[in-house]
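Here's the structure we're looking at; comments come further down.
Residue numbers (this note's numbering), protein chains in the order written: chain A, 1 to 356; chain B, 1001 to 1498.
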């Protein structure tokens, strides 16, 4: 005899009902809250107050609100970068390494472009970072297109190679001669990104990020290249059958992806650190993968997702500072929220039905 | 006397009646063929016996005892083994390890001991194989032997082989038949699923012919001719054609295929010197049992599979090995065989409609959304597609998907139309619609290559019929001379007519 089975089951449904959409963020927050409340209690803090500091407080003052935007700047760029690749079915996990490639270019150009007017130097740095990121993305992209080598593996390994290159540069030729720290010499003042608002950390890179989002939207929805990208990403055999050059489309998308990740590196060097340092990126390249996925591989989604990540990044710090709980609590909450969000993203495509 | 009796087995898949009150009896120590065209219900019946499907009604008796077989595990317990074309082997493991996998209860594996016991079994059943060989290094024929040995090792007395020769080269077929004859001497019973007449008549004792889910009859192999069996298998009245004969006194060949060769995905020859021509206003039907190279033929002509030799000409212009977009420009209308792979089903109907001609809707790299929308609206109306322009294609019914594809191709008035399996999986209404469209295109003067496993379709639409068997055209007949008997003999490889 068959064993008695659980009376409900998940059934895949094609499209989630429209009324679900606005409900999903609420569900994510609620679920995360329920999961983490116990943890917060063990740290002897009030979960409601903690969540206030986590999600509301960063938005309540100008200073912290600007900090949210600062935090979302590199995420917007890596999110856009990854979306370009993923939308074409090229799983570029290498934005982290491509970001550092751009950062090295920026740190170098920031020194050699010392005497050049900012209006020329800064565009040159952005172009230089784009090209560097592109160059770093070229090898895995060629391996994929020519020899069908799995790009997930190669782009990921390229990140490790880049980490060692950065370390070698910083401990070798670029070690700061005065302090002895492993950091590159400071870039010239005229190559630093200007501040959007005086006495804040919000810099020109944010505008670059918004432009990248706009470019993503434009290319994906308004150009024939964008339609080719999506066709290749959603159905390679069909795209090939219809006469689209799958290899060329993939290669181009992969290179644009690397280039934009490179710009993220430029933005961090020229807007925040003014040096190349080993910890330049707080895993922005990897977070970009999550942002692109949560953002549903479209421009507006990526924009919203990067702002949200900027918010919870800022919130995690606010909570620990305001309530004297360990910083890791904020990080744990952030991680749980991520997992819940990814889970919801998956589960929204299912319905619960009673077994017949 | 019967080791297996299947009585009045019925199995439905949705609206499809795959097995309709099928009776099947297997004697001890015989090789029994299940013969029929694709979709006749052979494999379904055996999957029911092996516990992969559950019959909607009917009784199964094994050794005179009624049994209920829930899963392959139950089937194995009853002494039933099945070998399909898709082997379930672990390539990095040895033959011996694969044979005992899942059948060995002790926690510690004694390599030497299992190798010895597998070697012993191989000797006993006359299956020639080295137990220490790594499966990855074996040929397809050897792997099949491992699968057979795996079933025998589990004490199978009834062996089901699903189209065992489909993946084998002729020498391997000989070796397989030797093994099967040896097993028969040992008292095993074998069910041999096939659609190849000459193999069936060579190796089996009895033949059960299935057609459209029903048993046509069971005969003793020695008492029938190949012709009689072919007629049983195909067995149609000549069809009341919906095609009107047109008299083209001087037909101009539009599509010419000359000595075309290609390899399959495993790099083995799958098209062997295919030559034919299709004229203006003509439908050439390619008949044949599935898997004889029809799919690859369409792919090669459509530019998604590289030919290894030979030529494809459109109006005398050599288009061999050209890219899909060049082919479209040369006037080749290509309907993909698999709707789900031929269209990007996650894109909208509109996007799929213009995908083949993006250049025409692009101004300075930007999509001309207005023109695209206009084009899509026109086609949706003209081809009666029941969908809105911005619907995601995946949400459409099979019939409407096929209409989208037809619209994309036919809107261009192509000189040549390649239509592989254009009505597969469609309901009657949609099927009629597609056939009607093809006939209209023929009337317009297009040269149409219709590849179909559905003989009714071939007979209803074609002016001439060519039969494919194992990668070759084994005969070409005018529609008026195509009798079921002749087609059946050609399709099962019993004869060649040139």
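Just so it is clear, CB atoms sit at the ideal spot from N, CA and C, and this is done for glycine as well.
Non-local C-beta neighbours of residue 1442 of chain B in its own chain, meaning closer than 6 Å and more than five positions away in sequence, comprise 1281, 1283 and 1448, ordered along the chain. As the crow flies, the alpha-carbon of residue 1009 of chain B is around 27 Å from that of residue 1088 of chain B.
In the pairwise beta carbon analysis, the region 102-110 of chain A is classified as not touching the region 337-345 of chain A: fewer than three pairs are separated by under 8 Å.
Listed along chain B are 1344, each with a C-beta nearer than 7 Å to that of residue 239 of chain A.
Scanning the region 1258-1305 of chain B for uninterrupted beta strand (DSSP E) segments of 3 residues or longer gives 1269-1279 and 1283-1287, listed from N- to C-terminal end. For residue 192 of chain A, there is no enclosing alpha helix (DSSP H), since its DSSP letter is neither H nor E. Close CB contacts of residue 325 of chain A within its chain, under the 6 Å cut and outside five residues either way in sequence, are with 43 and 45 (chain order).
Here the region 1393-1410 of chain B lies against the region 1341-1351 of chain B, with 3 or more beta-carbon pairs under 8 Å apart. Here residue 310 of chain A is near residue 71 of chain A, since their CB atoms are less than 9 Å apart.
When Cβ pairs closer than 8 Å are counted between the two stretches, the region 1460-1473 of chain B is seen to touch the region 1292-1301 of chain B, the count reaching three or more. Counted as a single uninterrupted DSSP element, the beta strand (DSSP E) harbouring residue 1034 of chain B occupies residues 1031-1035. Between residue 348 of chain A and chain B, the shortest Cβ-Cβ separation is not below 9 Å. Chain A has no Cβ within less than 9 Å of the Cβ of residue 1310 of chain B. Close partners of residue 234 of chain A in chain B (Cβ separation under 9 Å): 1344, 1345, 1346 and 1347.
For residue 1166 of chain B against residue 1085 of chain B, the beta-carbon gap comes to about 6 Å, under 8 Å, which counts as contact. The DSSP-derived three-state label of residue 1385 of chain B is coil. Below the 8 Å Cβ cutoff, chain A contributes 235, 237, 238 and 241 as neighbours of residue 1341 of chain B, in chain order.
Of A/183, A/197 and A/88, the smallest CA-CA separation from residue 144 of chain A is found for A/88. In this structure residue 259 of chain A touches residue 133 of chain A by the C-beta definition: roughly 5 Å separates them, less than 8 Å. Among the residues of chain B, those whose CB is under 8 Å from the CB of residue 224 of chain A are 1358, 1359, 1361, 1362, 1365, 1366 and 1367, following chain order. Scanning the region 1303-1352 of chain B from its first residue to its last, the whole alpha helix (DSSP H) runs of 4-plus residues come out as 1324-1329 and 1339-1342. Assignment of beta-bridge partners to residue 1127 of chain B by DSSP yields no partner.
Rounded to whole angstroms, the separation of the alpha carbons of residue 1038 of chain B and residue 1230 of chain B is 14 Å. With respect to residue 98 of chain A, residue 257 of chain A sits close: the two C-beta atoms are nearer than 9 Å.
At a C-beta separation below 9 Å, residue 230 of chain A has these neighbours in chain B: 1344, 1346, 1347 and 1351.
Pairing residue 1149 of chain B with residue 1122 of chain B gives a Cβ-Cβ distance under 9 Å. About 4 Å separates the Cβ atoms of residue 1285 of chain B and residue 1458 of chain B, confirming a contact at the 8 Å cut-off. The criterion of a C-beta distance shorter than 9 Å is satisfied by residue 1491 of chain B and residue 1288 of chain B.
With 16 or more other Cβ atoms from the protein chains shown falling within 10 Å of its own Cβ, residue 1115 of chain B counts as buried.
Three or more Cβ pairs closer than 8 Å define a contact, and the region 178-189 of chain A falls short of that threshold against the region 48-56 of chain A. The beta carbon of residue 1047 of chain B lies closer than 7 Å to those of 1053 in the same chain, with the five residues before and after it left out. Segment contact: the region 1023-1042 of chain B against the region 1205-1212 of chain B, three or more CB-CB distances shorter than 8 Å; contact assigned.
Under the three-state reduction of DSSP, residue 1008 of chain B is assigned to strand.
Residues of the region 1302-1326 of chain B whose Cβ lies closer than 9 Å to any Cβ of chain A, in chain order: 1302, 1303, 1304, 1323, 1324, 1325 and 1326. For residue 255 of chain A, no Cβ of chain B is located within less than 9 Å of the residue's own Cβ. Bridge pairing for residue 164 of chain A: absent [DSSP].
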